[in-house]
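**Student:** Residue numbers (the numbering used here): 209 to 375.
Note that the Cβ used here is the ideal one computed from N, Cα and C, for glycine as well.
The structure's right below; bear with me while I get my questions together.
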């Protein structure tokens, strides 16, 4: 039996040449930047908007240091989004237990900076010539996010599973 292909696609914003797209969560219109240089998802618009867009989100006892937003690193609170979902047409892509670092940095220009690792079980495509859009194609709709921590509890990296991890 052949596996079913699941694709979600979004038109890119015309405001910049970087891959920005807008998405309505059901309660908020959120601007996303797909940042190929990022290794962790970062919510850039503060905890209030995060909790409005994802009311089930929860703080965790962890902070994480972010590099790349300026000369000095900065720390942000780690939040857990129980179900992060992107839907388009008849398809969806869901990450369960997504951990994100929250900063209050509206000057970044997007609400949510998403990274390739969130889609490690998918193919992603950014198209500029035949229409400006971004798409994510996977074999399933549901994936599970597991953070891997250092001995001191700080965030090291994360793993995306196609089934619930037993650890």
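Find out if the Cβ-Cβ distance for the pair residue 321, residue 216 is shorter than 7 Å.
**Tutor:** Counting from one through the chain shown, the residue named residue 321 turns up at place 113. Counting from one through the chain shown, the residue named residue 216 turns up at place 8. Taking 7 Å as the Cβ cut-off, residue 321 and residue 216 do not qualify as a contacting pair.
**Student:** Going by alpha carbons, who is nearest to residue 274 out of 268, 284, 266, 267?
**Tutor:** To locate residue 274, count along the chain shown from 1; it is residue 66. Per the Cα distances, 284.
**Student:** Can you find at least 3 beta carbon pairs, one from the stretch 327-340 and one from the stretch 219-238, that sit closer than 8 Å?
**Tutor:** Flag = yes, the stretch 327-340 and the stretch 219-238 touch.
**Student:** So residue 304 and residue 290 are supposed to be a Cβ contact under 8 Å. How far apart are they, rounded?
**Tutor:** By 1-based counting over the chain shown, the position of residue 304 is 96. By 1-based counting over the chain shown, the position of residue 290 is 82. Contact flag correct, Cβ pair sits at about 7 Å.
**Student:** Would you call the stretch 349-362 and the stretch 298-314 in contact, with 3 or more CB pairs under 8 Å?
**Tutor:** Yes: at least three Cβ pairs fall under 8 Å.
**Student:** Could you please give the first and the last residue of the uninterrupted beta strand (DSSP E) stretch that includes residue 254?
**Tutor:** Position 46 of the chain shown, counting from 1, holds the residue named residue 254. No beta strand (DSSP E) contains residue 254, which is instead part of the alpha helix (DSSP H) from 254-261.
**Student:** Please classify residue 313 as buried or exposed, where buried requires at least 16 neighbouring CB atoms within 10 angstroms.
**Tutor:** Here residue 313 refers to the residue found at position 105 of the chain shown. Answer is buried; the Cβ neighbour count reaches 16.
**Student:** Is DSSP giving residue 327 helix, strand or coil here?
**Tutor:** Position 119 of the chain shown, counted from the first residue, corresponds to residue 327. Residue 327: helix per DSSP, three-state reduction.
**Student:** Could you pull out every residue in the same chain whose Cβ sits closer than 8 Å to the Cβ of residue 366, ignoring the five residues on either side in sequence?
**Tutor:** By one-based count along the chain shown, residue 366 stands at place 158. So the qualifying residues of the chain are 248, 307, 325, 353, 354, 355, 356.
**Student:** Just to check my reading of the structure: residue 348 and residue 370 have Cβ atoms closer than 8 Å, yes? What is that Cβ distance to the nearest angstrom?
**Tutor:** Position 140 of the chain shown holds residue 348. Position 162 of the chain shown holds residue 370. That pair is a contact at about 6 Å.
**Student:** Please confirm whether residue 310 and residue 255 have their CB atoms less than 7 Å apart.
**Tutor:** Residue 310 sits at position 102 when you count from the first residue of the chain shown. Residue 255 sits at position 47 when you count from the first residue of the chain shown. Yes; because the gap between Cβ atoms is below 7 Å, this pair is in contact.
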